[in-house]
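**Q**
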């Protein structure tokens, strides 16, 4: 049947994204989307880019978008790379920095796309165990590592790793790349972008899909020393000249420029996270400390898979993972306050657990 | 400087797309874009998709778009794959079907991205020489080939290879994949999509960037046996869950549904090609027979690079390649009739060549 497939293709274990059901309407708390839509300014900028010139290719270098990002972070345009979602940038980064190196290192609980990229590009890897609080213990990272990557805050735990820890890693491993995947950094963590001027082996990857409310537009960016950006450009230009379409470029420019709206949305999400966290703790859930737009929780007496199923039946999607280390946890995306109230109510009614 | 780069990255020779100048306005006849914009229906469908739901991820399977394409070609949705431009699909195909195989085969004059993918994914290749008319001679294809790929019509020549020739290849090489890259098929050639029911080793790749006037939206598709589509999905899901954004999906659906507009645009381009071809031949240019939306031409007495430069100075961009086999040729995209009249006038004034 599969004789035309490459050996590689036969060996792949593709990533499974959270459900994006097309059939019925759910309260989607399963893929860490922003509950707030893009601002009116952004939507109108996007509408304004719908024109006859869609017959033409986009700028292959997305120069205007890179400029807008450089401007926002007070960096040079040569520090910026953009891609078709941060997942594409991660894929390019694995090829650009991890291919042909010693096995790379990432935590044993982390974004489950990392081992998938390793399989796709035939890159070796070792995982290092997180401590009992799901925090990174630098001593546990293989000293012969060919490269290090982790999300900060980590996925799917939400646990944040401070800048001093990041600098400690950079100082301990000056000869290999550290990639910090900051998809969730805007919900309370401090970005390590400020460290890129000091460490030319640090690449920071961010996305417009979470804090910037543009998951539907597929835009991510990376920030680092110009030499690292050059490597990413070499890979990108060996793969697809035009990964970002004309409209996505405009939408992302709009989103990075509308800073007030972004700040307001992020702070409302942080508020709602605090509310949900308190409510769940009152119900005796164990809630990991989160600086992301989701909570990672479990309960000493309740089965996570069963809560997941019952919530789904009642029209609420949360995320449950089959990884044995975390299969009694649920990852719950933070929505609007009223959605969190609804969720709490549903959990109470499903589980029969209430607080005093 | 580059110690953080992978060895692979150091060895890459990235593809160079045609110029997309952002500084001044040119008559762009260099990247085979459609001179006609997307139809009003398509633009309004795109505008209609600009909504709050851009905060959500797109459907990772692009099911509605696959259905529209399946419907158009009277095929099953399992015969259809979609990607972020046909370049992304080509990249996935090289991994899915050519990786770990014997060196693959493509013509010595062809789309110059193919060797770039081979370098990126460490796939061996051999080129086979075209005959003196730039046509494929099946006898010249390595009988131990691990896979075959070519554009039809070929790029950058525009020369079309008939379906009987394609069947001859499929019959001669039943154990390896044949990928036919039909980016330019809608300008007068017959698609080999009809052969996919008979040959389960045939993958046909098309794009919305040329005949469908949507280069700015980045959408391509592939058609083949469900087993081949499955392989592409495995690779895609190991690379990026959501390569197509919400708006691009809607734009492409609009474009495939607006068939009348598509047919009208294509036939006007075929008309303009005929006009330009005649005019150039009157000026003693050698014009290869083209079924694409471009002409590949040279002149016994005039230097192609110099015509390219002078046209650029006068505000017209055409494409000149540095490949020594074709460095005295120009590739000229077919525009609207009035643009072709302007081009002819410019060439006459630049070269001093006129017809009697």
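Protein chains in written order, with our numbering: chain C, 42 to 397; chain L, 42 to 397. Glycine included, every Cβ here is placed at the ideal spot set by N, Cα and C. Note that this is a predicted model, so its numbers are computed, not measured.
1. Could you check the C-alpha separation between residue 390(L) and residue 225(L) for me, to the nearest Å?
2. When you check each C-beta in the region 361-384 of chain L against every C-beta of chain C, which residues fall closer than 8 Å?
3. With a CB to CB cut of under 8 Å and the five nearest residues on each side skipped, what residues in its chain are close to residue 136(C)?
4. Please look up how many angstroms separate the CB atoms of residue 250(C) and residue 79(C), rounded, as I've assumed it's under 8 Å.
5. Per DSSP, what kind of secondary structure is residue 253(L) in: helix, strand or coil?
6. My output table needs one value for residue 276(C): the three-state DSSP class, helix, strand or coil.
7. Am I right that residue 398(L) and residue 105(L) are in contact with their C-beta atoms under 8 Å? What's the rounded C-beta distance?
8. I need the straight-line Cα distance from residue 214(C) to residue 151(C), nearest angstrom please.
9. For a contact meaning CB atoms closer than 7 Å, what does residue 283(L) contact in chain C?
10. Can a CB atom of chain L be found closer than 9 Å to the CB of residue 144(C)?
11. Between residue 276(C) and chain L, is there a C-beta pair that is closer than 9 Å?
12. What is the rounded straight-line gap between the Cα of residue 153(C) and the Cα of residue 61(C)?
13. Check each candidate in 53(C), 55(C), 59(C) and name the one with the smallest Cα separation from residue 349(C).
14. Can residue 123(L) and residue 261(L) be called in contact, C-beta distance under 9 Å?
15. What do you get for residue 48(L), buried or exposed, if any count of 16 or more other CB atoms within 10 angstroms of its CB means buried?
16. Within the region 67-122 of chain C, note down every full beta strand (DSSP E) run reaching 3 residues or more, in order along the chain.
17. Can you give me, in chain order, the residues of the region 60-84 of chain L that have a beta carbon less than 8 Å from any beta carbon in chain C?
18. Go to residue 392(C), then tell me how far its alpha helix (DSSP H) extends in each direction, as first and last residue.
19. So, is the C-beta of residue 96(L) closer than 9 Å to a C-beta in chain C?
20. Counting only beta-carbon separations shorter than 9 Å, does residue 175(L) have a partner in chain C?
21. I think residue 314(L) touches residue 336(L), with their Cβ atoms under 8 Å apart; what is that distance to the nearest whole Å?
22. By Cβ distance below 8 Å, which residues in the same chain neighbour residue 56(C) in space, the five residues on each side in sequence not counted?
23. Could you name the residues of the same chain whose beta carbon sits closer than 7 Å to that of residue 46(L), not counting the 5 residues immediately before and after it, in chain order?
24. Just grab the DSSP bridge partners of residue 192(L) for me.
25. Indicate whether residue 290(C) and residue 128(C) have their beta-carbon atoms separated by less than 9 Å.
26. Which of the three DSSP states, helix, strand or coil, is assigned to residue 339(C)?
27. Classify residue 397(C) as buried or exposed, calling it buried when 16 or more other Cβ atoms lie within 10 Å of its own Cβ.
28. Just checking, does the region 87-102 of chain C make contact with the region 84-93 of chain L on the three C-beta pairs under 8 Å criterion?
29. Any contact of the region 162-178 of chain C with the region 198-209 of chain C, i.e. 3+ C-beta pairs under 8 Å?
30. Residues in its own chain within less than 6 Å of residue 229(L) by CB, not counting five upstream and five downstream?
31. Are the C-beta atoms of residue 56(L) and some chain C residue less than 9 Å apart?
32. To the nearest angstrom, how far is the alpha carbon of residue 218(C) from that of residue 372(C)?
33. What runs of the alpha helix (DSSP H), each 4 residues or longer, lie entirely inside the region 120-183 of chain C?
34. Output, in sequence order along the chain, the residues in the region 248-272 of chain C whose CB is closer than 9 Å to any CB in chain L.
35. Does residue 409(C) have its Cβ less than 9 Å from a Cβ in chain L?
36. Can you tell me which of the three DSSP states residue 263(L) falls into?
**A** Quick look at the numbers:
1. 30 Å
2. none
3. 162, 276
4. In fact, because the Cβ distance is near 11 Å, the residues do not count as touching under 8 Å.
5. coil
6. helix
7. Shown here, chain L extends from 42 to 397; a query on residue 398(L) therefore has no answer.
8. 20 Å
9. 126, 259
10. no
11. yes
12. 17 Å
13. 59(C)
14. yes
15. exposed
16. none
17. 61, 63, 69, 72, 74, 75, 76, 77, 78, 79, 84
18. 378-392
19. yes
20. no
21. 7 Å
22. 153, 154, 157
23. none
24. 222(L)
25. no
26. strand
27. Interpretation of residue 397(C) is limited by its pLDDT of 43, a score under 50 that renders its predicted location unreliable; the figure taken from the coordinates is listed afterwards. Label assigned to residue 397(C): exposed.
28. yes
29. yes
30. 311, 332
31. yes
32. 29 Å
33. 126-134, 155-162
34. 250, 254, 255, 256, 257, 258, 259, 260, 266, 268, 269, 271, 272
35. Since the first residue shown for chain C is 42 and the last is 397, residue 409(C) is missing from the structure and cannot be characterised.
36. strand
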